[in-house]
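Please read the structure below before turning to the comments.
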Amino acid sequence: MANDIEKSQTAFPEFNPSPVMSFSVDGGLASANHSAHEVAAAIRIEHLPDLLPRDYAGLIQDALETGRSHLGHHSSIGERIFSWSFIPHQEIKLVYVYGNDITDRVDARNIVRETESLFDVLWDNTTDAILCIEPKHLMICGANLSASKLLGYSQSELLRLPYNEIVIGGVTKIKDLSKHNSSPVEPLFQLMTFRARDGKEIQVECSFTIAPHQELNLMYIIARDITERLKDEEALRQRTEQLRQSQKMDALGKLASGVAHDFNNHLAAIIGFHDLLLMDPKLEPRMENRIKEIGKAANRAKVLTRQMLTFSRHQQSTDSAIVDVNAAIVELQQMLERLLDNRYELITDLAAQTCPAKTSRGHLEQVIMNLVVNARDAMPDGGQIHIRTTNISLSESESEKFPDLTAGPYVSLAVSDSGIGMDPETQAQIFEPFFTTKQQGEGTGLGLATVYGIIRQNKGAITVNSEVGVGTTFTVYLPKTTPTVGKAENHTNSDHLSIHDTQKDRIKADKPAAAQENVT
272 MANDIEKSQT AFPEFNPSPV MSFSVDGGLA SANHSAHEVA AAIRIEHLPD LLPRDYAGLI
332 QDALETGRSH LGHHSSIGER IFSWSFIPHQ EIKLVYVYGN DITDRVDARN IVRETESLFD
392 VLWDNTTDAI LCIEPKHLMI CGANLSASKL LGYSQSELLR LPYNEIVIGG VTKIKDLSKH
452 NSSPVEPLFQ LMTFRARDGK EIQVECSFTI APHQELNLMY IIARDITERL KDEEALRQRT
512 EQLRQSQKMD ALGKLASGVA HDFNNHLAAI IGFHDLLLMD PKLEPRMENR IKEIGKAANR
572 AKVLTRQMLT FSRHQQSTDS AIVDVNAAIV ELQQMLERLL DNRYELITDL AAQTCPAKTS
632 RGHLEQVIMN LVVNARDAMP DGGQIHIRTT NISLSESESE KFPDLTAGPY VSLAVSDSGI
692 GMDPETQAQI FEPFFTTKQQ GEGTGLGLAT VYGIIRQNKG AITVNSEVGV GTTFTVYLPK
752 TTPTVGKAEN HTNSDHLSIH DTQKDRIKAD KPAAAQENVT
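Heads up: the sequence shown at position 29 corresponds to 300 in our numbering, and the numbers run straight through without jumps.
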């Protein structure tokens with residue numbers, strides 16, 4: 272019976288597909304199965320024990336003495352890796368050594384480790400913020416270093432925060448996506464707003480991906496800060512809109528110029544015949560008064576054509592000089608106050624230094640008067656009108672906001688009111704000829720168009736900033752120049768003064784036709 276057991280135990284390894292060897296008490300090789308010989312031949316090993324770990328003799332001795340098995344001892348031969356188990360058989364005083372070629376398994380584990388290492392590198396070194404959300408309770412269960420930097424929290428702090436603590440809105444979207452409880456879904460892209468630790472709102476472009484993890488569907492949010500990109504896009508949109516507006520105003524200017532020239536030809540005939548009729552000695556007084564009214568109407572029409580031509584011209588004014596804008600405002604202040612009643616308060620805040628600009632003194636006064644009267648009309652119940660001047664220097668990036676300006680020094684003239692304000696649609700049309708917010712018969716719509724034309728002629732720019740119910744500020748930018756001693760204009764040139772764009776006020780003034788020519 273003992274012989275049968277011994278035979279079965281010694282015969283069994285022969286049929287094992289893995290290499291098996293047996294060793295006696297003295298550490299000598301007792302037997303080896305066919306698989307062991309095949310492995311040795313394949314890797315060109317002459318002595319089978321060379322397949323084993325170097326300390327195999329000690330393992331064999333310990334196994335026989337203690338009866339304890341030794342498992343998972345590795346050996347490397349060339350590019351192959353083996354795992355060996357030493358199992359003692361006390362009855363027959365042999366130790367069986369079973370081997371497994373684990374090269375592929377080790378390679379797979381190395382690949383997994385490398386992949387995990389690569390994932391760790393990408394996780395904390397990608398510039399995009401990554402958040403892992405447990406969708407059931409909407410808690411953050413993972414955050415990379417970029418998310419920490421973007422939101423101002425440490426990574427450990429983020430792991431204690433609920434999702435809606437840092438994301439404005441989007442909870443419904445997370446819950447909807449978390450319903451996909453089987454295979455991963457295609458990434459969903461969406462614009463969202465994050466709230467940083469300091470309360471700052473950050474515009475981000477997110478992709479959402481569900482990754483099944485054990486019994487949970489974890490939500491990964493990959494977020495890219497697009498705040499600066501949105502600013503650039505908005506700046507480009509504004510620049511494009513400014514260019515479009517500039518081109519539209521140029522087209523309107525050409526149209527206005529053509530109409531004005533043709534209209535002037537007809538006016539010349541009307542005024543000529545008007546003058547001839549008045550020279551008739553047989554003219555009756557009743558007819559004379561009617562003819563004079565025709566002359567007044569013709570002169571008012573002449574003023575309109577002059578305004579249209581002012582709007583349409585882009586060349587520098589021929590009577591330009593170096594004008595101190597501060598001095599011009601001081602000398603105009605008394606006249607401006609006469610335009611206002613006791614419901615209005617005129618406040619001037621002038622730059623401490625002189626504000627020299629190359630422009631026509633008459634044109635500058637016309638701009639100031641038009642803007643002040645426009646501010647007055649925007650406050651029917653009264654209020655404050657502020658006039659401010661400053662010396663500024665526009666950088667390259669700042670000058671890009673204005674299609675007609677280059678970088679350099681400028682004189683800034685701002686006229687503000689606290690009136691009814693304008694909506695964006697009105698602001699977009701405010702400088703167009705014949706556009707007016709006044710009631711029918713109260714304005715021609717050429718006042719601000721004339722101001723726009725004058726500023727363009729003087730190589731400057733004008734902007735409007737308004738909010739409904741708050742007020743409006745018109746800001747004029749004129750190129751600053753170096754004043755020449757004794758040459759700056761500091762006198763009032765009333766011959767070029769155009770007061771405002773309200774026909775009702777012209778009628779109240781009751782001036783003769785010749786004086787009416789210069790009222791806009």
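Glycine residues also receive a C-beta, built at the ideal position from the N, C-alpha and C atoms.
Item checked: Residue nearest to D326 in terms of C-alpha spacing, selected from A307, S356, A303 and E350 -> Closest by alpha carbon: S356.
Next item on the list: Quick one: grab the DSSP three-state call for H344.
Entry: Looking at H344 - three-state DSSP - the assignment turns out to be strand.
Notebook entry, point to check: Taking the beta strand (DSSP E) that T752 falls in, what are its first and last residues?
Noted result: Neither: T752 is in no beta strand (DSSP E) and is coded neither H nor E.
Check: Can you tell me where the beta strand (DSSP E) with A628 in it begins and where it stops?
Finding: For A628, the enclosing beta strand (DSSP E) covers residues P627 to T630.
Note to self: Rounded to whole angstroms, what is the Cα-Cα separation between T744 and C412?
What the structure shows: So the two alpha carbons sit approximately 51 Å from each other.
Check: What's the call for I481, buried or exposed, on a 16-neighbour Cβ count within 10 Å?
Finding: By the Cβ neighbour-count rule, I481 is buried, with 16 or more other Cβ atoms within 10 Å of its own.
Notebook entry, point to check: Is it buried or exposed for R339, if we count other Cβ within 10 angstroms and need 16 for buried?
Noted result: Around the beta-carbon of R339, fewer than 16 other beta-carbon atoms lie within 10 Å, marking it exposed.
Next item on the list: Thinking V644 and L610 are a contact (beta carbons under 8 Å), I'd like their distance in whole angstroms, please.
Entry: Taking C-beta atoms under 8 Å as the contact rule, V644 and L610 qualify, at a distance of about 6 Å.
Next item on the list: Give the single residue among I733, I725 and R500 whose Cα lies nearest to the Cα of L805.
Entry: Residue 805 lies beyond the residue range present for the chain, which begins at 272 and ends at 791; the question has no answer from this structure.
Notebook entry, point to check: Three or more beta-carbon pairs under 8 Å between the region 303-314 and the region 329-343, yes or no?
Noted result: Counting Cβ pairs under 8 Å, fewer than three are found: no touch.
Note to self: Please report the distance separating the alpha-carbon of Q426 from that of Q461.
What the structure shows: In this structure, the CA atom of Q426 is about 24 Å from the CA atom of Q461.
Note to self: Comparing C-alpha positions only, which one of I352, H360, K364 and Q361 sits nearest to G370?
What the structure shows: That would be I352, whose Cα lies nearest to the Cα of G370.
Margin query: Please classify V686 as buried or exposed, where buried requires at least 16 neighbouring CB atoms within 10 angstroms.
Written below: V686 is buried by the Cβ-count criterion.
Margin query: What does DSSP give as the partner residue(s) for C403 in the beta ladder?
Written below: Residue pairing by DSSP puts C403 in a beta bridge opposite G413 and Y491.
Notebook entry, point to check: Looking only at its own chain, which residues have a Cβ that is under 6 Å from the Cβ of L635, when we skip the five neighbours before and after it?
Noted result: If we look at L635 and ignore the five residues flanking it on each side, its Cβ neighbours are V594 and A599.
Margin query: Applying the 10 Å Cβ sphere with the 16-neighbour rule, what's the burial state of P433?
Written below: Exposed is the label assigned to P433, since fewer than 16 other Cβ atoms lie within 10 Å of its Cβ.
Notebook entry, point to check: By Cβ distance, which residues of its chain are closer than 6 Å to C403, with the 5 residues on each side in sequence left out?
Noted result: Within the same chain, C403 has close Cβ partners C412, G413, L489 and Y491.
Next item on the list: Give the DSSP-derived three-state secondary structure of I691 in the structure shown.
Entry: I691 sits in coil when the DSSP states are folded into three classes, being neither helix nor strand.
Margin query: So, for N287: in the same chain, excluding its five sequence neighbours on each side, which residues have a beta-carbon less than 8 Å away from its beta-carbon?
Written below: Non-local beta-carbon contacts of N287 in its own chain, meaning distances under 8 Å to residues more than five positions away in sequence, involve N304, S306 and Y369 in chain order.
Next item on the list: Please classify E476: does DSSP put it in a helix, a strand, or coil?
Entry: Correct three-state label for E476: strand.
Notebook entry, point to check: What residues match up with D620 in a beta bridge as DSSP calls it?
Noted result: When DSSP reads this structure, D620 sits in a beta bridge with R659.
Notebook entry, point to check: Helix or strand or just coil, what does DSSP make of E738?
Noted result: In the displayed model, E738 falls within a strand according to three-state DSSP.
Next item on the list: Please classify D688: is it buried, with 16 or more other beta-carbons within 10 angstroms of its beta-carbon, or exposed?
Entry: With at least 16 other beta carbons inside 10 angstroms of its own, D688 counts as buried.
Item checked: Residues near D620 by beta carbon distance below 6 Å, same chain, minus five either side -> Around D620: R659.
Next item on the list: Compute the distance between the beta-carbons of V741 and D694, then report whether it is under 8 Å.
Entry: Cβ distance not < 8 Å, so V741 and D694 don't count as in contact.
Notebook entry, point to check: What number of angstroms, rounded off, separates the C-alpha of Y748 from the C-alpha of V682?
Noted result: Each residue's alpha carbon lies about 6 Å from the other.
Next item on the list: If I'm right that I401 touches S419 with Cβ under 8 Å, what's the distance once you round it to whole angstroms?
Entry: Their Cβ separation, rounded to whole angstroms, is 10 Å, which puts I401 and S419 out of contact at 8 Å.
Margin query: Can you tell me where the alpha helix (DSSP H) holding R325 begins and where it ends?
Written below: In this chain, R325 is not harboured by any alpha helix (DSSP H), its DSSP state being neither H nor E.
Notebook entry, point to check: Taking just the CA atoms, how far does I363 sit from D321?
Noted result: CA-to-CA, the gap between D321 and I363 works out to about 24 Å.
Notebook entry, point to check: Any idea if K553 is buried or exposed, counting beta-carbon neighbours within 10 angstroms, 16 or more meaning buried?
Noted result: That one is exposed.
Check: In whole angstroms, what separates the C-alpha of P627 from that of N662?
Finding: Roughly 9 Å between the two C-alpha positions.
Check: Taking the DSSP output, what are the residues bridged to V368?
Finding: M292 and F357.
Notebook entry, point to check: Could you give the distance in angstroms between the alpha-carbon of F673 and the alpha-carbon of A720?
Noted result: Roughly 18 Å between the two C-alpha positions.
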